[in-house]
Amino acid sequence: MSNQEDRLKTLIGHAKEYGFVFPSSEIYDGLSATYDYGPYGVELKNNIRRYWWEAMTKLNENIVGLDAAIFMHPLTWKASGHVDAFNDPLIDNKDSKKRYRADVLLEEHIAKYEDKINKEVEKGRKRFAESFDEAQFRATNPNVKRSQDRIDAVEGRMKAALEANDLEALRQLIIDEEIKCPISGTANWTEVRQFNLMFATELGSVSGESSTIYLRPETAQGIFVNFLNVQKSARMKIPFGIAQTGKAFRNEIVARQFVFRMREFEQMEMQFFVKPGTEMQWYESWKAKRIAWHKALGITGEHYRFHDHIKLAHYANAACDIEFKFPMGFKELAGIHSRTDFDLSNHEKLSGKKLRYFDTETNESYVPYVVETSIGLDRMFLAVLSAAYEEEQIPAKDGSTEEGGVRTVLRIPAPLAPVKVAVLPLIKKDGLPEKARAIIDTLKLEHNCQYDEKDSIGKRYRRQDAIGTPYCITVDHETLKDGAVTIRERDSMAQERVPIEHLGRIVGDMVDLRGLLRKL
Ligand code: ATP
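Heads up: the sequence shown begins at 114 in the working numbering, then just goes up one per residue.
Next up, the structure:
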């Protein structure tokens, strides 16, 4: 098993054991690509959602929220292009009977060349040390150039095939590149077919085309069809945005990799309506704002990179992804798309209703352009969890309550942590439990607290580390006399004696979501 698979497996095991994520309907052996969030998972997920929601709607006076229904009129998906074009090109390996997305096979193939280049660059860096000039090295090193030429050639053919919807050309490229199935190791491929990713169901008891409705494959369309309702009722002036979070459904072909790719997942989307011609400026500004939102969490910059789309979706005139270094490598976490007036114009055509903005300053009326930012909540959850997970060797120290050995700690950014404070009486008697509960009573309106009296203090610290609790407070016999407790910080394991009345401030300063929002 590869190191990457190992890391993902470890994370999945930890997430299950510690109540973050369970396979859906597990007692029936689960349902593929569907997961349930457990007691700590739901808290972390809610906190990420809140961070996103408040960053959008509280920090921007020109962004308001919406909660549209999952079911929408069937014509919505005709107008959006999903009925005709929300397809993935799929290909099967005849020996392993495994199904793949043809474009994903090719992208993974390209990533191998990129790895080769990166290794070559690292070798160069070591060889030339101080005098290393990366740009010059990339432009002149023959091995790098050879790999880059291969990448350009494959990308060029892939883009042309996808744009022309030429499935035979896509298959030929896979064959020419000698791409093999990772399971069977053979290149015995079927033809490439298109597969629509929407789940369809019937409305009411009547069957037939007109009653077919779809589970929404994205939340964005609920925003578009409500564009004028929101603009008028909230008296919004362009440029303005509408934010929404909610479930989306896609019948994914390759549904693996834990909560990264699910068939039921949650999106957080914001559509920003702008005057046509100004969209590129807003596109750049939202790229900068979104990456700042990620970086404020303190997850190091090397986890992120931008990836410009090779093939633009049918609706976009510019698009990029923010990619994150997941345990399985760099993958899409979020997207920023300049969607032009594609959606609003098509909804105008199919509904017969005007979806225009009247600019009172210039007396013009126009269909606005849209810059969208879209992020998968579950992918963000996986990003936070995977960056947070660490197995750390700790030295045994005399007189310390920390036992030596390895601890598993989730260094979740404190404002997102599921439990903020654990209050631990040193022993289960002598009035210590009562004192601990009294402390919880003073903190629980502000913070998610946990009480734990079982096992040694060291073991209790380990349990809190494993769910990412930033602070543990220990109540001992001295506490009853001097009104002070020991507070222990998760990451440094530093312990400090502080008066009980300071706890609210100490904890509050570190775990308050406003601390993150202030950085934006
Ligand atoms: P991918 O190329 O990985 O299939 P996409 O480009 O189709 O993703 P978008 O349509 O741009 O994704 O959706 C916006 C966001 O929704 C993505 O950036 C991702 O975070 C999330 N997302 C999309 N599909 C899934 C899924 N099946 N499971 C979990 N999250 C998803």
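Think of the CB as a built atom: it goes at the ideal place given N, C-alpha and C, for glycine as much as any other residue.
It should be emphasised that the depicted structure is a prediction, and the values quoted were computed from it without experimental measurement.
- Straight through space, the alpha carbons of E243 and A273 are spaced by roughly 42 angstroms.
- Closer than 7 angstroms to some heavy atom of the ligand ATP: that does not describe the Cβ of I264.
- For A347, the CB contacts under 7 angstroms within the same chain, skipping 5 residues up- and downstream, are V177 in chain order.
- In the pairwise beta carbon analysis, the stretch 211–231 is classified as not touching the stretch 334–354: fewer than three pairs are separated by under 8 angstroms.
- Taking a C-beta distance under 8 angstroms as the contact criterion, E382 and E445 do not qualify as a contact pair.
- The alpha carbon of A282 has as its nearest neighbour, out of E268, P295 and C294, the alpha carbon of E268.
- In the DSSP annotation of this structure, the continuous segment of the beta strand (DSSP E) that includes E436 starts and ends at A431 to F439.
- In this structure, the beta-carbon distance from Y150 to L629 does not fall below 8 angstroms.
- Restricting attention to L545, L529 and L498, the CA atom closest to the CA of G596 is found in L545.
- Beta-bridge partners of A530 (DSSP): none assigned.
- Collapsing the DSSP output to three states places P546 in a helix.
- Around E365, the same chain offers A146, L310, R374 and R376 as residues with beta carbons nearer than 7 angstroms, after the five sequence neighbours per side are excluded.
- By the neighbour-count definition (other C-beta atoms within 10 Å, threshold 16), V519 is an exposed residue.
- Note on geometry: alpha-carbon atoms of L495 and D119 lie some 15 angstroms from one another.
- By the Cβ-count criterion, P583 is buried, with 16 or more other Cβ atoms from all chains shown falling within 10 Å of its own Cβ.
- Taking 7 angstroms as the cut-off, the C-beta of R469 does not count as close to any heavy atom of the ligand ATP.
- L537 is bridged by DSSP to T587.
- Proximity to M169 across K158, S487 and H450 peaks at S487, based on C-alpha coordinates.
- Secondary-structure assignment with DSSP links D205 through a beta bridge to R212.
- Going by beta carbons, F362 and F308 fall outside the 8 angstroms limit.
- Annotation for M381: no alpha helix (DSSP H) segment contains it, though the beta strand (DSSP E) segment containing it runs E377 to V387.
- Between E247 and V234, the C-beta gap is smaller than 8 angstroms, which places the two residues in contact.
- When R452, M441, T413 and G448 are compared, the shortest CA-CA separation from Y428 is found for R452.
- Pairwise C-beta distances place the stretch 531–538 in contact with the stretch 570–588, as three or more of them are shorter than 8 angstroms.
- Residue state for E445 is assigned as strand, using DSSP reduced to three classes.
- At a Cβ-Cβ threshold of 8 angstroms, T332 and Q370 do not count as neighbours.
- Sequence-distant Cβ neighbours of R238 in its own chain, meaning closer than 7 angstroms and more than five residues away, are F245.
- Checking the 7 angstroms criterion, the Cβ of Q344 is out of range of every heavy atom belonging to the ligand ATP.
- Counting C-beta atoms within 10 angstroms of its own C-beta, D604 has fewer than 16 neighbours from the protein chains shown and is therefore classed as exposed.
- Looking only at E156, I326, K345 and K388, the smallest Cα-Cα distance to P352 is reached by K388.
- R259 has its Cβ no nearer than 7 angstroms to any heavy atom of the ligand ATP.
- Contact between G489 and F378 holds: their C-beta atoms lie close to 6 angstroms from each other, under 8 angstroms.
- Annotation for H416: F437, K438, A496 and A500 place their beta carbon closer than 8 angstroms to its own, counting only its chain and skipping 5 residues before and after.
- Counted as a single uninterrupted DSSP element, the beta strand (DSSP E) harbouring Q563 occupies residues C562 to Y564.
- Within the DSSP bridge table, the entry for D472 names E477 as partners.
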